[in-house]
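The next block holds one structure in the form of structure tokens; read it before the comments.
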Amino acid sequence: MALKTETMVLNMGPQHPSTHGVLRLELELDGELIVNVKPHLGYLHRCFEKHAEAMQYNQVIPYTDRMDYLASMGNNFGYVLAVEKLLGIQVPERVEYIRVIMAELQRIASHCVALGTNGADIGALTPFLYLFRDREYILSIIEETCGARMLYNYMWVGGLSHDIHPNFVRRTKEFTSYFKNTIVELDNLLSYNKIFIERTANIGILPADTAINYGATGPMLRGSGVKFDLRKDDTYSIYNRFDFDIPVGKGLQGSVGDSWDRYYVRVREMEQSLRIIEQAIDQIPEGDVHSAIPKRIKPPKGTVYSRVENPRGELGYFIISDGNTNPFRVKVRAPSFVNLEILGELCKGHLVADVIAILGSIDIVLGEVDR
Amino acid sequence: MKNAEEIFELLKQEFGDSILSIDKDTPTEPIISVEPLKIHIVSKFLRDNPELQFDSLMCLSGVDDANGKKVKDAEGYDVIEGGTLSVYYHLYSTVLRHKITLKVSAPREDAKVESVENVWKCADWHEREAFDMVGIVFVNHPDLRRILMPYDWEENSFPLRKDFKVPEFYQGMKIPY
Chain G
1 MALKTETMVL
11 NMGPQHPSTH
21 GVLRLELELD
31 GELIVNVKPH
41 LGYLHRCFEK
51 HAEAMQYNQV
61 IPYTDRMDYL
71 ASMGNNFGYV
81 LAVEKLLGIQ
91 VPERVEYIRV
101 IMAELQRIAS
111 HCVALGTNGA
121 DIGALTPFLY
131 LFRDREYILS
141 IIEETCGARM
151 LYNYMWVGGL
161 SHDIHPNFVR
171 RTKEFTSYFK
181 NTIVELDNLL
191 SYNKIFIERT
201 ANIGILPADT
211 AINYGATGPM
221 LRGSGVKFDL
231 RKDDTYSIYN
241 RFDFDIPVGK
251 GLQGSVGDSW
261 DRYYVRVREM
271 EQSLRIIEQA
281 IDQIPEGDVH
291 SAIPKRIKPP
301 KGTVYSRVEN
311 PRGELGYFII
321 SDGNTNPFRV
331 KVRAPSFVNL
341 EILGELCKGH
351 LVADVIAILG
361 SIDIVLGEVD
371 R
Chain Z
372 MKNAEEIFEL
382 LKQEFGDSIL
392 SIDKDTPTEP
402 IISVEPLKIH
412 IVSKFLRDNP
422 ELQFDSLMCL
432 SGVDDANGKK
442 VKDAEGYDVI
452 EGGTLSVYYH
462 LYSTVLRHKI
472 TLKVSAPRED
482 AKVESVENVW
492 KCADWHEREA
502 FDMVGIVFVN
512 HPDLRRILMP
522 YDWEENSFPL
532 RKDFKVPEFY
542 QGMKIPY
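Residue numbers (the working numbering), protein chains in the order written: chain G, 1 to 371; chain Z, 372 to 548.
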């Protein structure tokens, strides 16, 4: 007589240190192998889109901070670009430069958390502390200028809330020259660490065509070897003036599109962000950051879909205006929300412990998944 | 690379009356309107046609157009009767680098739109979100459940509808604000 077998269901989260927030994963297991993963979201749902309908256009900006709270500058940037496109305003050169520098500093800070937690989740706690130390440096540079460490409300429609602090240029230059060493240190400590490679190479392989069909963007897509970056391919602001490369996954330690590739793309992206900052910091023109801020924001009737490259991928804002001072509808296409959808596909056939490594390499922020 | 009018002509040739109109009078992007129960086959064509190759769905948004009649219900609250709910599709081709926006509108009381989940996998959660928030039913969707709201949220209550009334009680518990 054959033995009866059945799969087992295991709940991971919502209170689990490695789910990066409150996410519940319903794992269906066959022994220790994953048969299926069902994510349950919504624990951090704060009705951003409903709030936005009750606010004036400029009042929405602080709410965008709270979505991807590790990359608030990027969220501000995407939103103000969308509204400016709807209004048809040009912002002064100085504003453009400061925005780009801020967004790139934020990208480095955000990748520091992503890489650090990815390592910490699978046992490497030391790089996490090193990276957080350097992220602190960026946050203090930003704090000096805009007064906040995480939720900035810094970019306004048509301008910025404050001009940069007199120390900003000097400290940013200090940071860029200093941070190069951290990347070397990180490579020695974690990227080429044998244990780390064993845990991440050939784990959660994402083929390029699946990635595109699932709408994956950012390091997730580039890890699969697709050279696609909105800063180059659908360029916005003044990114076309800078010289930088788009790192892609090459399968150096395993196969193209595995967790290690996604990790490695982020490390190399930090170097490129440093390059952009170094080029931009010397070119900041003189000017007034408040001169183009409209007194009253009342866009014409119509719709706009505008997207920017956030650290986690394509952040899109779809705004419908009915000609009033409040947006009629704001829909956010959050990169984490879309990237998380692939999790089930990636985990199939792997061990329970690999779910952590894969989730860490997707790099989600639940504030943005749930909004 | 094709612009919106060329894409509209191509679709019109292929599908005739299922393609309703093109709205060029917008500040940023033209919008092509499609029949809600034909969107699946149109999407498949957009993805597979070698001249179009829309392989990526950037965004899918459910919208309450609030273009019906405003009436008072028994308790004196404004509710909307008639009009439409809409879904916007923002497509992009990573190969040919062109974009297009599609729109479908379905009657508010019986909003049924075909699912495009098996054309772009990415649509799965976006459609669940549109169902959850606006109450659009996606025909042929494999797993149409609420996604952001709790599973035990009141069945016919959709928060992003313009006439949504904040409930006083949730599962018998009074909501204090």
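Glycine residues also receive a C-beta, built at the ideal position from the N, C-alpha and C atoms.
Where do the ends of the alpha helix (DSSP H) carrying residue i lie?
i: MET504 of chain Z; result: 494-505
i: MET73 of chain G; result: 72-87
i: MET220 of chain G; result: 219-223
i: VAL101 of chain G; result: One detail in the question is off: residue 101 of chain G reads as Ile in this sequence, not Val. It spans 93-121 - the alpha helix (DSSP H) in which ILE101 of chain G sits, taken as one unbroken run.
i: CYS347 of chain G; result: 343-347
i: GLY367 of chain G; result: 366-370
i: ASN213 of chain G; result: 208-213
i: VAL169 of chain G; result: 168-186
i: VAL256 of chain G; result: Neither: VAL256 of chain G is in no alpha helix (DSSP H) and is coded neither H nor E.
i: LEU10 of chain G; result: Unbroken run through LEU10 of chain G is the beta strand (DSSP E), 8-12; no alpha helix (DSSP H).
i: LEU417 of chain Z; result: 410-419
i: PHE48 of chain G; result: 48-54
i: TYR236 of chain G; result: Looking at the DSSP string, TYR236 of chain G is not in any alpha helix (DSSP H), and its letter there is neither H nor E.
i: SER191 of chain G; result: First-last for SER191 of chain G: undefined, no H or E at that position.
Can residue i and residue j be called in contact, C-beta distance under 9 Å?
i: ALA292 of chain G; j: ILE89 of chain G; result: yes
i: GLY225 of chain G; j: GLU314 of chain G; result: no
i: VAL434 of chain Z; j: SER457 of chain Z; result: yes
i: ARG107 of chain G; j: ALA82 of chain G; result: no
i: LEU27 of chain G; j: HIS40 of chain G; result: no
i: ASP68 of chain G; j: ASN310 of chain G; result: yes
i: LEU29 of chain G; j: GLY13 of chain G; result: no
i: TYR43 of chain G; j: ASP370 of chain G; result: yes
i: ARG532 of chain Z; j: HIS512 of chain Z; result: no
i: ILE138 of chain G; j: PHE175 of chain G; result: yes
i: GLU400 of chain Z; j: ALA375 of chain Z; result: yes
i: HIS45 of chain G; j: LEU519 of chain Z; result: yes
i: VAL484 of chain Z; j: VAL490 of chain Z; result: no
i: SER392 of chain Z; j: SER404 of chain Z; result: yes
i: GLY349 of chain G; j: VAL37 of chain G; result: no
Quick one: using the 10 Å Cβ neighbour count with 16 as the cut-off for buried, is residue i buried or exposed?
i: PRO538 of chain Z; result: exposed
i: GLN283 of chain G; result: exposed
i: ARG170 of chain G; result: exposed
i: THR172 of chain G; result: buried
i: GLU377 of chain Z; result: exposed
i: ALA445 of chain Z; result: exposed
i: MET345 of chain Z; result: Only positions 372 to 548 of chain Z appear in this structure, which leaves residue 345 of chain Z out of reach.
i: PRO521 of chain Z; result: exposed
i: ALA482 of chain Z; result: buried
i: VAL372 of chain G; result: Lying outside 1 to 371, the shown extent of chain G, residue 372 of chain G is not represented and no answer is given.
i: ASP134 of chain G; result: buried
i: ALA54 of chain G; result: exposed
i: VAL248 of chain G; result: buried
i: LEU129 of chain G; result: exposed
i: ALA114 of chain G; result: buried
i: PHE502 of chain Z; result: buried
i: ARG468 of chain Z; result: exposed
i: GLY74 of chain G; result: buried
i: VAL184 of chain G; result: exposed
i: THR182 of chain G; result: buried
i: THR145 of chain G; result: buried
Under the DSSP definition of a beta bridge, which residues are partnered with residue i?
i: PHE509 of chain Z; result: Z:VAL484
i: ARG329 of chain G; result: G:ILE320
i: ALA347 of chain Z; result: There is no way to answer for residue 347 of chain Z, as the model of chain Z reaches only from 372 to 548.
i: ILE451 of chain Z; result: Z:LYS441
i: VAL279 of chain G; result: Here residue 279 of chain G is Gln; the residue named in the question, Val, does not match the sequence. Answer by DSSP bridge pairing: none, since GLN279 of chain G is not bridged.
i: PHE196 of chain G; result: PHE196 of chain G pairs with nothing; no bridge assigned.
i: ASP551 of chain Z; result: Only positions 372 to 548 of chain Z appear in this structure, which leaves residue 551 of chain Z out of reach.
i: SER427 of chain Z; result: Z:TYR463
i: TYR541 of chain Z; result: Z:MET544
i: ILE471 of chain Z; result: Z:LEU462
i: HIS16 of chain G; result: G:GLY21
In terms of residue numbering, what span does the beta strand (DSSP E) encompassing residue i cover?
i: GLY372 of chain Z; result: The amino acid occupying residue 372 of chain Z in the given sequence is Met; Gly does not appear at that position. No beta strand (DSSP E) contains MET372 of chain Z, which DSSP labels as neither H nor E.
i: ASN310 of chain G; result: 302-310
i: GLU28 of chain G; result: 24-30
i: LEU33 of chain G; result: 33-40
i: SER404 of chain Z; result: 402-405
i: GLY158 of chain G; result: Element bounds for GLY158 of chain G: n/a, residue is neither H nor E.
Got a sec: does the ligand SAH put a non-hydrogen atom nearer than 8 Å to the Cβ of residue i?
i: TYR522 of chain Z; result: In terms of ligand content, the structure shown is empty, and the ligand SAH therefore cannot be addressed.
Does the stretch 108-115 of chain G come close enough to the stretch 406-420 of chain Z to have 3 or more Cβ pairs within less than 8 Å? no
Is it a yes or a no for the stretch 199-207 of chain G touching the stretch 357-371 of chain G, going by three-plus beta-carbon pairs under 8 Å? yes
Would you call the stretch 324-344 of chain G and the stretch 121-130 of chain G in contact, with 3 or more CB pairs under 8 Å? no
Within 8 Å, do at least three Cβ pairs link the stretch 231-246 of chain G to the stretch 270-283 of chain G? yes
Count the CB pairs spanning the stretch 295-303 of chain G and the stretch 317-324 of chain G that are closer than 8 Å, and state whether there are at least three. yes
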